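Asks: Residue numbers (the working numbering), protein chains in the order written: chain A, 420 to 714; chain B, 439 to 665. To start, I am sharing the structure in question, which I have written as structure tokens.
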């Protein structure tokens with residue numbers, strides 16, 4: 420089943436409340452996906468590169484990591500530990516070196532970017548949101564997912580959102596049927612998925628299209644030609660927010676728009692706490708139709 | 439008039455209270471507040487009561503309805519008025535997938551748009567959609583009437599049995615075995631009555647009628663060798 424939510428603010432007034440609003444939306448979708456939850460949130464731009472990392476043994480892995488990386492890169496590195504995750508602020512251009520370091524240490528890289536941070540874990544959405552303090556987070560937009568696994572194991576890495584390039588993330592409700600063939604094609608283009616999860620293939624596909632010069636709308640449109648299966652995707656980029664459903668459109672989706680925001684939910688229930696929802700334009704996104712907003 | 443506030447009432451309590459009106463013949467009015475997109479509101483009713491749901495609902499609102507007149511002031515999620523037997527369900531906003539699926543009787547009115555699979559497998563229900571319907575609407579529809587004031591999506595009436603389809607706008611494509619048929623006086627009369635009951639301001643003359651070509655659901659003996 421799975422539940423997906425997204426919120427894209429058009430004005431700055433609600434920025435301090437983004438995490439709070441997204442947390443309510445996410446918790447409401449617990450019935451659709453109680454086994455894992457995750458959120459990607461676009462906050463303030465970092466002075467450098469943000470890298471979100473995750474470890475099953477954070478006490479061991481994160482102890483002294485800030486100093487070790489500062490020494491390794493000969494430049495100041497900052498680290499903010501949040502439960503099993505940590506957000507590093509790194510000097511620009513150091514991504515490849517830090518990724519190699521993390522791989523060697525067995526620390527997982529969840530995502531990189533200038534503004535995006537990504538948090539996901541196994542467990543009830545309420546518990547996951549509380550562990551990471553999502554409610555207190557501010558930002559311009561974010562997407563979230565509550566997972567009921569079908570295609571791969573219930574693990575942290577199998578949870579959504581998936582981030583496969585800088586400041587890009589994707590959540591998915593559905594299942595893809597041509598992901599193995601796509602996996603091989605994407606690996607040849609340099610976007611090899613890191614897990615066996617079908618959704619990561621879709622994230623890699625969109626990243627590869629954006630890297631080739633497509634805009635967000637074109638990349639989403641490409642999923643309708645190149646990906647086979649059931650999907651409703653919600654995608655975040657540094658400045659954008661997009662939605663696309665497969666032509667059969669079995670997976671539920673509803674959207675709401677006011678002067679202040681665009682919201683996506685698997686069900687209308689997810690919107691119940693949004694300010695001004697009573698007078699919002701609420702509609703069901705059409706099948707095989709791309710919707711996207713950029714600021 | 440009695441009011442039930444969903445902010446302080448369990449869903450089962452709501453439905454069992456409304457279901458308990460069965461048999462007393464009382465045409466009482468009920469108002470449900472703070473629906474906040476909840477699922478399965480006002481289902482399984484069997485009394486001539488009037489129920490107003492304020493706001494928008496989730497899945498399966500007013501399912502299995504008998505006799506009751508349910509009015510939703512917002513939009514509804516998937517499966518509104520599924521398997522309705524009699525009575526009416528009126529939705530001021532839009533409806534998600536499979537509105538009125540498998541309905542045997544009664545009247546479903548969607549004042550906004552209905553999405554895909556509206557009236558799938560309908561068995562006698564009358565459905566009037568003031569806006570558009572999505573793809574695969576009236577799939578395998580057996581009897582009853584589907585009236586669409588706006589446009590219909592792909593594959594309207596695919597594998598249709600004996601339901602009548604009336605469309606005022608454009609049909610993106612017809613499904614297998616669905617064809618346009620002549621609008622005869624009895625159809626205009628039927629349509630005029632449905633439009634009036636649905637509060638729709640439209641003239642029956644503006645509609646086209648679609649129905650089954652009846653090639654698919656009868657076994658054709660010439661095809662016996664193909665099996």
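Built from N, CA and C at the ideal position, the CB exists for glycine as well. The model shown is predicted, which means the values in this text are computed figures rather than measured ones.
Run through the region 441–515 of chain B for me and flag every whole alpha helix (DSSP H) of 4 or more residues, listed as ranges in chain order.
Replies: 449–457
Asks: Go to residue 587(A), then tell me how far its beta strand (DSSP E) extends in each direction, as first and last residue.
Replies: Stepping through the first chain from its first residue, residue 587(A) is reached at position 168. Counting along the chain, the beta strand (DSSP E) containing residue 587(A) begins and ends at 587–595.
Asks: Since residue 675(A) and residue 699(A) should fall inside the 8 Å C-beta cutoff, what is the C-beta to C-beta distance between them, to a whole number of angstroms?
Replies: Here residue 675(A) refers to the residue found at position 256 when the first chain is read from its first residue. Here residue 699(A) refers to the residue found at position 280 when the first chain is read from its first residue. Right, the Cβ-Cβ distance comes to about 4 Å (below 8 Å), so this counts as a contact.
Asks: Please state the DSSP three-state secondary structure of residue 560(B).
Replies: In the second chain, counting from the first residue as 1, residue 560(B) sits at position 122. If DSSP states are grouped into helix, strand and coil, residue 560(B) belongs with coil.
Asks: Quick one: what's got a C-beta closer than 7 Å to residue 573(B)'s C-beta in the same chain, skipping five residues either side?
Replies: Walking along the second chain from the start, residue 573(B) turns up at place 135. Within the same chain, residue 573(B) has close Cβ partners 554, 591, 592, 593.
Asks: Considering only residues of the same chain and omitting the five flanking positions on each side of residue 608(A), which have a CB-CB separation below 6 Å?
Replies: On the first chain, residue 608(A) is found 189 positions in, with the first residue counted as 1. Contacts found: 627.
Asks: Closer than 7 Å, Cβ to any Cβ of chain A: which residues of the region 502–521 of chain B, in chain order?
Replies: 513, 515, 516
Asks: Where residue 619(A) and residue 556(B) are concerned, what is the direct C-alpha to C-alpha distance, given to the nearest angstrom?
Replies: For the purposes of this step, residue 619(A) is taken as the residue at position 200 of the first chain. For the purposes of this step, residue 556(B) is taken as the residue at position 118 of the second chain. C-alpha separation (whole angstroms): 33 Å.
Asks: With a threshold of 16 other CB atoms inside 10 Å of the CB of residue 661(B), please say whether the residue is buried or exposed.
Replies: Locating residue 661(B) in the second chain gives position 223, counting from the first residue. Exposed.
Asks: Taking just the CA atoms, how far does residue 568(A) sit from residue 448(A)?
Replies: By one-based count along the first chain, residue 448(A) stands at place 29. By one-based count along the first chain, residue 568(A) stands at place 149. Separation of residue 448(A) and residue 568(A) (C-alpha to C-alpha, rounded to the nearest whole angstrom) is 14 Å.
Asks: In chain order, which alpha helix (DSSP H) runs of at least 4 residues are fully inside the region 503–575 of chain A?
Replies: 514–524, 544–551
Asks: When you compare only the Cα positions, how much space is there between residue 601(B) and residue 538(B)?
Replies: The residue given as residue 601(B) occupies position 163 in the second chain. The residue given as residue 538(B) occupies position 100 in the second chain. Approximately 13 Å, taken between the alpha carbons.
Asks: Interface residues of chain A around residue 573(B) at Cβ under 9 Å?
Replies: By 1-based counting over the second chain, the position of residue 573(B) is 135. The contacting residues are 666, 667, 668, 706.
Asks: Just reading off the alpha helix (DSSP H) that residue 622(A) is part of, what are its end residues?
Replies: Position 203 of the first chain, counting from 1, holds the residue named residue 622(A). Segment 617–630, the alpha helix (DSSP H) holding residue 622(A).
Asks: Applying the 10 Å Cβ sphere with the 16-neighbour rule, what's the burial state of residue 601(A)?
Replies: Along the first chain, one-based indexing puts residue 601(A) at 182. By the 10 Å Cβ count, residue 601(A) comes out buried.
Asks: Kindly say whether residue 689(A), judged by its beta-carbon, lies nearer than 9 Å to any beta-carbon of chain B.
Replies: Translated into the one-based positions of the first chain, residue 689(A) becomes position 270. Chain B, which has a Cβ nearer than 9 Å to the Cβ of residue 689(A), makes this yes.
Asks: Name the residue from 493(A), 547(A), 662(A) whose alpha carbon lies nearest to the alpha carbon of residue 565(A).
Replies: For this step, residue 565(A) is matched to residue 146 along the first chain. The residue with the shortest Cα to Cα distance from residue 565(A) is 547(A).
Asks: What's the gap between the Cα of residue 714(A) and the Cα of residue 660(A)?
Replies: By 1-based counting over the first chain, the position of residue 714(A) is 295. By 1-based counting over the first chain, the position of residue 660(A) is 241. Answer to the nearest angstrom: the Cα atoms are 9 Å apart.
Asks: Taking C-alpha atoms, which residue in 458(B), 599(B), 498(B), 606(B) lies nearest to residue 656(B)?
Replies: Within the second chain, numbered from 1, the residue matching residue 656(B) stands at position 218. Comparing alpha carbon positions, the residue from 458(B), 599(B), 498(B), 606(B) closest to residue 656(B) is 599(B).
Asks: What are the residues in the region 672–685 of chain A lying within 8 Å of chain B by C-beta distance?
Replies: Residues 673.
Asks: How many angstroms separate the CA atom of residue 467(B) from the CA atom of residue 572(A)?
Replies: Here residue 467(B) is taken as the residue at index 29 of the second chain, counted from 1. Here residue 572(A) is taken as the residue at index 153 of the first chain, counted from 1. Residue 467(B) and residue 572(A): Cα-Cα distance of roughly 50 Å.
Asks: Tell me where the alpha helix (DSSP H) around residue 648(A) begins and ends.
Replies: Here the question's residue 648(A) lines up with position 229 in the first chain. Segment 648–655 is the beta strand (DSSP E) holding residue 648(A); no alpha helix (DSSP H) there.
Asks: Taking Cβ-Cβ distances shorter than 9 Å, what residues in chain C pair up with residue 553(B)?
Replies: Considering every chain present, this structure includes no chain C. Its protein chains are A and B.
Asks: With H, G and I counted as helix, E and B as strand and the rest as coil, what does DSSP make of residue 652(B)?
Replies: Position 214 of the second chain, counted from the first residue, corresponds to residue 652(B). Assignment of residue 652(B) by DSSP, reduced to helix, strand and coil, places it in the coil class.
Asks: Starting from residue 636(A) and walking both ways along the beta strand (DSSP E), at which residues does that stretch end?
Replies: Here residue 636(A) refers to the residue found at position 217 when the first chain is read from its first residue. Note, residue 636(A): premise wrong, no beta strand (DSSP E); alpha helix (DSSP H) at 635–645.
Asks: Relative to the C-alpha of residue 451(B), which candidate in 461(B), 478(B), 465(B) has its C-alpha closest?
Replies: What you label residue 451(B) is simply residue 13 of the second chain in a count that begins at 1. Residue 451(B) has its Cα closest to that of 478(B), out of 461(B), 478(B), 465(B).
Asks: What residues of chain A sit near residue 474(B), judged by a beta carbon separation below 7 Å?
Replies: Here residue 474(B) is taken as the residue at index 36 of the second chain, counted from 1. Neighbours of residue 474(B) on chain A, chain order: 688, 691.
Asks: Give the residues of chain A in contact with residue 532(B), contact being defined as C-beta atoms less than 7 Å apart.
Replies: Counted from its first residue, the second chain places residue 532(B) at position 94. Here the neighbours are 702, 703.
Asks: Taking just the CA atoms, how far does residue 663(A) sit from residue 680(A)?
Replies: Here residue 680(A) refers to the residue found at position 261 of the first chain. Here residue 663(A) refers to the residue found at position 244 of the first chain. Using only the alpha carbons, I get a separation of about 18 Å.
Asks: Does DSSP classify residue 662(B) as helix, strand or coil?
Replies: To locate residue 662(B), count along the second chain from 1; it is residue 224. Helix, per DSSP.
Asks: Relative to the C-alpha of residue 486(B), which residue among 493(B), 503(B), 531(B) is closest?
Replies: The sequence position of residue 486(B) within the second chain is 48, counting from 1. The option with the nearest alpha carbon to residue 486(B) is 503(B).
Asks: Have a look at residue 635(B) and residue 505(B) and give me their C-alpha separation to the nearest angstrom.
Replies: Taking the second chain and counting its residues from 1, one reaches residue 635(B) at position 197. Taking the second chain and counting its residues from 1, one reaches residue 505(B) at position 67. So the two alpha carbons sit approximately 16 Å from each other.
Asks: By alpha-carbon positions, which one of 651(B), 597(B), 547(B), 494(B) ends up nearest to residue 395(A)?
Replies: The requested residue 395(A) does not occur in the structure, where chain A is confined to residues 420 to 714.
Asks: Thinking just about the alpha-carbon of each residue, which of 598(A), 709(A), 625(A) is nearest to the one in residue 586(A)?
Replies: Residue numbering aside, residue 586(A) sits at position 167 when the first chain is read from its first letter. Ranking 598(A), 709(A), 625(A) by Cα distance to residue 586(A) puts 625(A) first.
Asks: Out of curiosity, what's the CA-to-CA distance linking residue 480(A) and residue 526(A)?
Replies: Residue mapping note: residue 480(A) aligns to position 61 of the first chain, counting from 1. Residue mapping note: residue 526(A) aligns to position 107 of the first chain, counting from 1. For residue 480(A) and residue 526(A), the distance between alpha carbons rounds to 7 Å.
Asks: Let me know if residue 685(A) comes out buried or exposed under the rule of 16 or more other beta-carbons within 10 Å of its beta-carbon.
Replies: Taking the first residue of the first chain as position 1, residue 685(A) is located at position 266. Residue 685(A) comes out buried.
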